[in-house]
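Residue numbers (this note's numbering), protein chains in the order written: chain A, 23 to 447; chain B, 77 to 396. Beneath this line is the structure, given in structure tokens, with notes to follow.
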Amino acid sequence: MGPTTRAMLSLRGITKSFGATRAADDVTFSVGSGEIVGLIGENGAGKTTLMRIVAGEMAADSGEIVAPPRIGMVHQHFALVSHFSIAENLALASERDFRFVSSHRLEREAETTIRESGIDLPDVSRRASDLSVGERAKLELIKAVTSDPELLILDEPTSVLTPIECAGLFRLMRRLAASGTTIVFISHKIPEVMEVAERLVVMRRGEVVADTSAPGLTADEIAETMVGGVDAGFSRQRESKPRTPAPPLLAIVGVAGNGQRELAETLRGANTAFIPEDRANALIAEMTIAENIALRNGRRGARERAERLIESYRIKATGPGQLAGTLSGGNQQKVVLARELDRRPKLLIASEPTRGLDIEATRFVHEQLRRAADDGAEVLLITSDLGEAFKLADAIQVIYRGKLSPRMSREEAATRVAKLMAGIA
Amino acid sequence: MKRALVAAAASAASLALLAFVAATFGHSPLLVLRTLFEGSIGSSFAIEGTLTKSVPLLLTGLSVVIAFRAGAWNIGAEGQFIAGAIAALLASRFGNVAAILAAAIAGAAWASIASLMRLWRNAPEVLTTILLNFIAIHLLGWCVNGPLREASGQYPQSDPASSSLPAIGSVYVGVPLSIVIAVAMWWLLYRTTEGLRLRATGFNAGAARYAGINTGWQLFRAMAISGAVAGIGGAFELLGVTHRLFERFAAGYGYSGIAVALLGQLHPLANIASALFFAALTTGAGELQRSAGISSAIATLGQAMAILVVIAVSWRRRNA
């Protein structure tokens with residue numbers, strides 16, 4: 023079949039404001055049937071808002087949308103019933119009317135559904151709350167695909183997946199596209215978007231700043247349009263500063279759901295600095311930045327401390343009195359980081375610390391983790407992002423089915439990691 | 077500020093609804109409202125009655141507030157109130173201070189049964205605290221019919237407590253003390269690091285745990301304070317008002333405390349106002365019964381209406 027000229031989705035002059043910020047500013051573009059479009063941009067560029075408007079979850083202030091009736095959207099934040107099993111969650115998503123259910127039948131149907139989706143998710147009787155973040159992401163994806171949508175929107179789907187799982191996802195995306203499904207793939211990891219998308223739409227501050235077919239541009243050029251020419255060059259910066267022999271920053275890499283969560287929980291003592299994988303529960307949304315920081319350090323001088331940390335961690339906030347829940351994801355993560363590192367911890371456990379963050383924020387988090395290690399802290403980085411592990415770590419270990427591989431140097435890891443992660447070594 | 081307006085509007089709306097109900101039953105709404113006002117704040121005698129009535133309401137309300145702030149619904153203020161009163165009676169021979177201390181400990185212990193069951197077996201405290209209420213009520217019944225029955229054996233009630241709370245002017249000391257407790261609780265919750273951690277536990281226990289807070293300990297301690305405050309309420313009522321224990325001693329104060337806490341937006345200081353409002357409603361309704369023959373159950377109706385309005389308004393806001 024392949025792509026046709028018929029537009030599956032077309033947006034004209036979409037504008038949406040939240041208070042003073044324009045999340046979408048006169049956005050116009052259209053997507054043809056069977057096309058895979060990468061929608062890229064930094065955190066807060068307006069990608070998710072725009073797609074939520076398309077999915078009908080949010081109304082635009084002005085503009086016109088022509089969208090197909092069946093739209094599947096996989097959110098970055100999951101919508102699963104945590105007390106339900108995988109099978110029950112899938113049954114909820116199916117469009118069937120009233121019928122009698124038995125857990126046995128639901129599980130059989132779920133297994134069929136999962137097989138057809140081409141995604142690997144074993145043991146459908148497990149509760150959603152027992153799944154790792156990566157597995158939850160897979161379940162969400164399976165849910166979205168089963169309704170056979172004409173338009174599939176994926177919001178940062180790869181952020182919790184391993185390279186092998188990503189490749190599987192991309193195969194699935196290509197297959198869906200070949201059968202006529204239009205896919206909008208939101209991401210800020212440029213290389214992977216270029217790998218699968220036929221076309222890129224780049225957003226910055228609510229505007230579309232580039233809309234082109236992928237082969238025409240290099241990753242560097244796209245990165246530049248994304249951030250608007252600002253490039254602090256973390257890697258260059260690091261090389262210019264001779265590294266003192268530091269205690270190891272150890273990275274634990276692995277496919278999500280191989281015991282990373284349990285490992286982090288076991289190692290975490292009351293005084294360990296901890297950056298949780300579970301972003302939704304990293305901060306108390308109802309409390310201010312200052313209060314969240316005071317949870318660790320006490321109320322005395324909390325306001326001044328918060329002001330200082332907002333400044334030094336470049337947190338975009340109106341002040342220490344801003345509610346943490348109203349900050350963007352990247353800035354929330356910076357608050358967590360600031361709070362945990364300000365205590366000059368001996369041990370820092372960071373679980374997927376840059377998942378879902380944009381280039382700038384990721385770079386910042388990396389810088390801070392490295393600095394903490396250089397300043398004498400032991401840093402344990404638990405991540406499924408291999409690039410991150412190889413960039414930062416002094417040593418790497420692989421976790422597979424709850425077991426840790428021996429410690430490897432980066433050079434050694436380079437040849438062995440993939441096999442260890444897949445459990446073939 | 078907005079929330080204070082909501083509460084005030086809810087109180088006004090409940091009065092308006094009361095007047096409307098009175099009208100549908102053939103009473104003059106204006107007369108009903110006037111009697112309510114005069115019976116509660118119309119004379120110094122009425123004001124004293126209202127203030128006295130506000131003490132158990134405020135303390136059981138505060139008990140609900142602090143548990144809620146740590147993420148637990150303490151429906152057991154009634155039982156903790158009773159446990160406190162029994163302990164106060166027993167300890168009253170050593171003086172007021174000993175009696176109040178004993179009441180605080182007994183209330184805290186009663187509440188801790190529920191919090192320990194929550195922490196060890198994950199038993200929902202809503203259920204366990206209610207069930208503990210029944211046990212406390214029957215324990216009280218057994219006490220006043222058995223070991224604590226008055227020496228003369230005439231009525232199922234205890235002998236008067238050996239000590240009683242003094243009055244300041246014409247108001248007994250429980251009134252200012254309960255306000256002091258409200259302010260102290262506000263200070264604890266909003267001006268100390270431990271209060272911050274307690275509230276963090278209530279907002280999001282997961283995030284609190286990531287911040288290094290021992291949420292189980294926070295919950296346990298908040299429930300203990302909650303029970304202690306309700307227990308002190310029982311002691312004040314015994315030592316300052318009834319002086320004797322009898323079966324209907326608690327008279328539903330523990331449950332009214334939930335209403336007080338809700339109308340007071342689960343804030344300790346706002347609770348002072350809401351306790352006074354409900355106390356006024358109760359004393360006013362007493363006057364209504366005496367002078368106009370309208371059942372004092374109308375006070376309960378007023379409470380219920382105020383709470384429904386508060387809930388309806390906050391529900392709307394959450395969905396806006």
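Just so you know, even glycine gets a beta-carbon here, dropped at the ideal spot from N, CA and C.
Would you kindly report the start and end of the unbroken beta strand (DSSP E) that includes residue i?
i: SER39 (chain A); result: 29-40
i: THR405 (chain A); result: 400-405
i: VAL275 (chain A); result: 271-275
i: TYR422 (chain A); result: 417-422
For residue i, does the three-state DSSP call read helix, strand or coil?
i: ALA84 (chain B); result: helix
i: MET193 (chain B); result: helix
i: LYS263 (chain A); result: Any reading at LYS263 (chain A) must be qualified, since the residue scores a pLDDT of 37, below 50, and its modelled position is unreliable; no value is offered.
i: SER84 (chain A); result: strand
i: ALA435 (chain A); result: helix
i: VAL140 (chain B); result: helix
i: GLN344 (chain A); result: coil
i: ALA346 (chain B); result: helix
i: PRO90 (chain A); result: coil
i: PHE100 (chain A); result: coil
i: MET95 (chain A); result: strand
i: ARG221 (chain A); result: strand
i: SER169 (chain A); result: coil
i: LYS368 (chain A); result: coil
i: GLN341 (chain B); result: coil
i: ILE370 (chain B); result: coil
i: GLY279 (chain A); result: coil
i: ARG44 (chain A); result: strand
i: GLY251 (chain A); result: Confidence at GLY251 (chain A) is low in this model, with a pLDDT of 43, below 50, so its placement is unreliable and the value that follows should be read with caution. Residue state, collapsed to three classes: coil.
i: GLU79 (chain A); result: coil
i: SER332 (chain B); result: helix
i: LYS425 (chain A); result: strand
i: LEU384 (chain B); result: helix
i: PHE256 (chain A); result: Low per-residue confidence applies at PHE256 (chain A): pLDDT is 30, beneath 50, and the placement is therefore not dependable, though the value from the model is reported in the following sentence. Helix at PHE256 (chain A).
i: THR134 (chain A); result: helix
i: MET443 (chain A); result: helix
i: LEU377 (chain B); result: helix
i: THR310 (chain A); result: strand
i: ALA268 (chain A); result: For ALA268 (chain A), the predicted model reports a pLDDT of 41, less than 50, meaning its position is unreliable and no value from the coordinates is stated.
i: SER147 (chain A); result: coil
With distances taken between CB atoms, is the gap from residue i to residue j smaller than 8 Å?
i: GLY137 (chain B); j: ALA351 (chain B); result: yes
i: GLY60 (chain A); j: ASP48 (chain A); result: no
i: VAL249 (chain B); j: GLY310 (chain B); result: no
i: PHE207 (chain A); j: ARG149 (chain A); result: no
i: LEU128 (chain A); j: LEU271 (chain A); result: no
i: GLY323 (chain A); j: GLY424 (chain A); result: no
i: PRO367 (chain A); j: ILE297 (chain A); result: no
i: VAL277 (chain A); j: MET430 (chain A); result: no
i: LEU161 (chain A); j: LEU143 (chain A); result: yes
i: LEU364 (chain B); j: GLN379 (chain B); result: no
i: ALA159 (chain B); j: TRP196 (chain B); result: no
i: ILE289 (chain B); j: LEU317 (chain A); result: yes
i: LEU134 (chain B); j: ALA258 (chain B); result: yes
i: GLN354 (chain A); j: ALA360 (chain A); result: no
i: SER406 (chain A); j: VAL218 (chain A); result: no
i: ARG365 (chain A); j: ASN303 (chain A); result: no
In this structure, what does DSSP give as the bridge partners for residue i?
i: SER209 (chain A); result: A:ILE62
i: ASN177 (chain A); result: It is worth fixing the name first, because residue 177 (chain A) is Asp in this sequence and not Asn. Answer is A:ILE208, bridged to ASP177 (chain A).
i: SER52 (chain A); result: A:SER32
i: GLU229 (chain A); result: A:ARG226
Could you spell out where the alpha helix (DSSP H) holding residue i opens and where it closes?
i: ILE141 (chain A); result: Element bounds for ILE141 (chain A): n/a, residue is neither H nor E.
i: ALA295 (chain A); result: Careful: ALA295 (chain A) lies outside any alpha helix (DSSP H), inside the beta strand (DSSP E) at 295-297.
i: THR203 (chain A); result: Run containing THR203 (chain A): none; DSSP gives neither H nor E here.
i: LEU349 (chain A); result: No alpha helix (DSSP H) holds LEU349 (chain A); DSSP gives it neither H nor E.
i: LYS413 (chain A); result: 408-414
i: ASP396 (chain A); result: 381-396
i: SER334 (chain A); result: 324-334
i: LEU112 (chain A); result: 108-115
Using a Cβ cut-off of 8 Å (strictly closer), state whether residue i contacts chain D.
i: ARG158 (chain A); result: The chain inventory of the structure shown lacks chain D, comprising the protein chains A and B.
Secondary structure, alpha helix (DSSP H): runs of 4+ residues fully inside the segment 192-260 of chain B
List check, alpha helix (DSSP H) in window: 201-221.
Quick check for students: name the residue ranges of the beta strand (DSSP E) that lie wholly in the segment 83-140 of chain B, counting only runs of 3 or more.
If you keep only unbroken beta strand (DSSP E) runs of at least 3 residues inside the segment 83-140 of chain B, you get nothing at all.
Within the segment 145-191 of chain B, ranges of the alpha helix (DSSP H) (whole runs, at least 4 residues):
If we require 4 residues or more, the alpha helix (DSSP H) runs fully inside the segment 145-191 of chain B come out as 153-167.
In the segment 255-324 of chain B, which residue ranges form an unbroken alpha helix (DSSP H) of at least 4 residues, counting only runs that do not cross its ends?
Within the segment 255-324 of chain B, the complete alpha helix (DSSP H) segments at least 4 residues long are 269-279, 281-286, 291-312, listed from N- to C-terminus.
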